[in-house]
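Shown next, in structure tokens, is the structure this report addresses.
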Amino acid sequence: MNIPAFLKETPIAHRGLHTDGIPENSLSAFEEAVRHGYAIETDVRFTKDKKLVIFHDDNVDRMTDASGEVSAFPLQALRELYLEGTQERIPLFSECLETIAGKAPLLLEVKDMPGVSGKEIAEAIYAEIAKFPALEYAVQSFQPAYPTAYKKLCPDIACGMLGIDRTYTKKDFHGSALWRIKAKLLPKVCIRTANKLDFLSYYTNNYPSDKLAAYRGVRLAWTVRSAEEAARVKQYADNIIFEGFLP
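Residue numbers (my numbering): 1020 to 1266.
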């Protein structure tokens, strides 16, 4: 198990340190996190033409004036959009790395992308990260294949699972006829996969959870939104992924 110190010791700014006028997952949000001395959590996914960009949602509706799935936009079209009415654009993954490498640690969430294999996304991410040897980072995802593949590619890098106790719907499994079976198995798969990796990021409202009894590794809590919540979850988790306040 190779756990970088920041995963336990440095509060992690959720999608950067964003606030009014500084959109989430923007270069300005990353610069603010660097300025305050926090680690940074962010999200990476493919465009239609398989370029890596920083964006949380499956679609652009909430964060821009456009609509549609991120995976339906080629990079050039995405780069024409502005984030939340500011002059900030959707960053390339490489721009994120240029902004923070050697300045702040990175916790990278790989978004679930139907049809994208673990090997494909792991190799694409590493091809960019390899250009920034000063970067300290870890990788996580809700999709077990992604951190598992990255761990195989880069054994020395900390990789983990994201988890949550919730009620799932057919939509969560992209319309699969077996969605009820998958929903029942998912929490067990999450814990089982996390035990083969390095850490587990779990939804803060689910701490404490009986489902975590079988997990023995490093635990993170997401997303913590107040000092009071940070104090409550401290007894259960090694570190927090936060937004909306300064821990």
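Where a beta carbon is used, it is the ideal one built from N, C-alpha and C, also for glycine. Just so you know, these numbers come straight off a predicted model, no measurement behind them.
Residue i and residue j closer than 9 Å at C-beta
i                  : j                  : result
alanine 1177       : alanine 1157       : yes
aspartate 1068     : leucine 1100       : no
leucine 1246       : tyrosine 1222      : The amino acid occupying residue 1246 in the given sequence is alanine; leucine does not appear at that position. No.
valine 1079        : phenylalanine 1092 : yes
leucine 1216       : threonine 1167     : yes
phenylalanine 1151 : alanine 1120       : yes
isoleucine 1031    : phenylalanine 1261 : yes
glutamine 1159     : glycine 1134       : no
valine 1053        : alanine 1123       : yes
aspartate 1184     : serine 1113        : no
lysine 1070        : leucine 1111       : yes
glycine 1182       : lysine 1253        : no
tyrosine 1226      : arginine 1244      : no
glutamate 1155     : proline 1266       : no
Straight-line gap, residue i to residue j (C-alpha atoms, nearest Å)
i               : j                  : result
asparagine 1044 : arginine 1235      : 31 Å
alanine 1213    : glycine 1137       : 16 Å
methionine 1082 : histidine 1055     : 24 Å
lysine 1027     : cysteine 1209      : 20 Å
serine 1086     : glycine 1104       : 14 Å
arginine 1108   : phenylalanine 1264 : 24 Å
threonine 1038  : aspartate 1257     : 25 Å
proline 1206    : isoleucine 1140    : 23 Å
aspartate 1131  : aspartate 1077     : 9 Å
proline 1042    : alanine 1096       : 19 Å
tyrosine 1057   : lysine 1190        : 35 Å
valine 1237     : serine 1220        : 9 Å
glutamate 1147  : glutamate 1117     : 10 Å
cysteine 1115   : phenylalanine 1161 : 21 Å
histidine 1033  : leucine 1172       : 26 Å
alanine 1048    : alanine 1149       : 23 Å
asparagine 1224 : glutamate 1248     : 9 Å
glutamine 1106  : arginine 1098      : 11 Å
threonine 1029  : tyrosine 1255      : 16 Å
Where the beta strand (DSSP E) containing residue i begins and where it ends
i               : result
threonine 1242  : 1237-1243
isoleucine 1260 : 1258-1261
leucine 1126    : 1125-1129
glutamine 1159  : 1156-1160
leucine 1219    : 1218-1222
histidine 1037  : Taken as a continuous stretch (DSSP letters only), histidine 1037 belongs to no beta strand (DSSP E), as it is neither H nor E.
alanine 1196    : Alanine 1196 -> no beta strand (DSSP E), and no H or E assigned at all.
alanine 1032    : 1031-1033
DSSP beta-bridge partners of residue i
i               : result
arginine 1064   : Val1072
arginine 1185   : Its beta-bridge partners do not exist; DSSP assigns none.
isoleucine 1109 : Answer is none; isoleucine 1109 lacks a bridge partner.
asparagine 1078 : Glu1088
methionine 1132 : Methionine 1132 pairs with nothing; no bridge assigned.
tyrosine 1234   : According to DSSP, which records beta bridges pairwise, tyrosine 1234 is partnered with nothing at all.
glutamate 1058  : With the sequence shown as reference, residue 1058 is identified as alanine, and glutamate is not the correct amino acid for it. Alanine 1058 is bridged to Ile1031.
Limits of the unbroken alpha helix (DSSP H) element including residue i
i                  : result
glutamine 1254     : Looking at the DSSP string, glutamine 1254 is not in any alpha helix (DSSP H), and its letter there is neither H nor E.
isoleucine 1176    : Note, isoleucine 1176: premise wrong, no alpha helix (DSSP H); not H, not E.
phenylalanine 1140 : In the sequence under discussion, the amino acid at residue 1140 is isoleucine, which differs from the phenylalanine named in the question. Segment 1137-1148, the alpha helix (DSSP H) holding isoleucine 1140.
alanine 1164       : 1164-1172
alanine 1052       : 1046-1055
alanine 1269       : With the chain running from 1020 to 1266 in the structure shown, residue 1269 is simply not present.
phenylalanine 1025 : 1025-1028
Residue i CB to nearest heavy atom of the ligand ATP below 8 Å
i             : result
arginine 1054 : Ligands displayed in this structure: none; no statement on the ligand ATP is therefore possible.
contact_flag[the segment 1114-1128, the segment 1058-1077] where n(CB pairs < 8 Å) is 3 or more: Touching, yes, given that three or more Cβ pairs across the two stretches are closer than 8 Å.
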